[in-house]
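What follows is a set of notes on a single structure, which appears directly below.
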Amino acid sequence: MSNQVLAFDEAVRQRFSSRAFLSTPLTNEQIQAVLQDAQYSPSNCNTQPWNVHIVSGATKDALQKMMIENDIAGNVTPDFSFSYDDFHGDYYERSQRQAKVYYDALGIARDDKEKRREAYLRNFNFFGAPHVAFLFMPSFGDNVRVASDIGMYGQSFLLSLAARGFAGIPQTLLGFHADATRKILGVSDDYRLLFGISFGYADPDAPSAGVRMWRQSVDESVTLHN
């Protein structure tokens, strides 16, 4: 990686959700640079509600082991609900199309339940990434405003990674074992786990390395009022 940082328009278009990483770790200086960028994220009333835990090494390995074992046993403790059944119409179709693009890249057939289960569990292997950021948040009201602040922080974090030649992927599933994650990381029960971001160097030789998800046209998402 060079010391060059991409311009915003390049970074936002080159950013993608990597699902395969090299084991090569980032240096502390590189991680700190990303964290400094993310710290400038906007937040409601400047509350800056993000409580971020970066895990690597033995701590990451302990979380990986716990998540895989708990998920196989069906012991999930998400702080926030999630179900594909909640999607409808175009939103559901996009989610299904995304899954097809990814599984096709891996060469996994729709009816191959064993291979799909293995691919699913790779989420808890952090796709081989050497680092993971866990994004916790305090609980205010209905939590919608706080969660949006965490989302903006996460986007800043991801764009900084992309601008600096690194890669990351936000993972809802990493919030499914919130109780055990809090225990391992020593996080107070006052904080809720929204999601995690696995990050490092993307593996350019992985089967999914060339996968880039499409985007709807601006006209389909935005209405201009004069």
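Numbered per UniProt numbering, the sequence shown spans residues 1 to 226. Even glycine gets a Cβ: it sits at the ideal position worked out from N, Cα and C.
- In this structure, I150 lies near W50, with their beta-carbon atoms less than 8 Å apart.
- Counting the other CB atoms within 10 Å of its CB gives D203 a total of 16 or more, which places it among the buried residues.
- According to DSSP, I169 shares a beta bridge with S198.
- Along the length of the segment 66–115, whole alpha helix (DSSP H) runs at least 4 residues long occupy 89–106, reported in chain order.
- G165 is the residue among G154, G165, F16 whose C-alpha sits nearest the C-alpha of L6.
- Residue range 131–138 is occupied by the beta strand (DSSP E) that includes A133.
- Cβ neighbours of I68 within its own chain (closer than 8 Å, five residues either side excluded): L121, F124, N125.
- If you check the CB distance, M137 and R192 come in under 8 Å.
- Put simply, of G196, Q216, W214, G154 the residue whose alpha carbon is nearest the alpha carbon of D37 is G154.
- Residues F124, N125, F126 of the same chain have their beta carbon placed closer than 8 Å to that of Q64, with the five preceding and five following residues left out of the count.
- Ranked by how close their Cα comes to the Cα of S56, the residues D90, F134, D71 have F134 in first place.
- For N51, the enclosing beta strand (DSSP E) begins and ends at 51–56.
- In this structure, G196 is the residue among G196, M152, L161 with its C-alpha nearest to the C-alpha of L173.
- A163 sits buried, since 16 or more C-beta atoms from the chains shown fall within 10 Å of its C-beta.
- Distance from the CA of Q39 to the CA of D104, rounded to the nearest whole angstrom, comes to 37 Å.
- Distance from G186 to D79 at the Cβ level is roughly 17 Å; contact not present, criterion being Cβ atoms closer than 8 Å.
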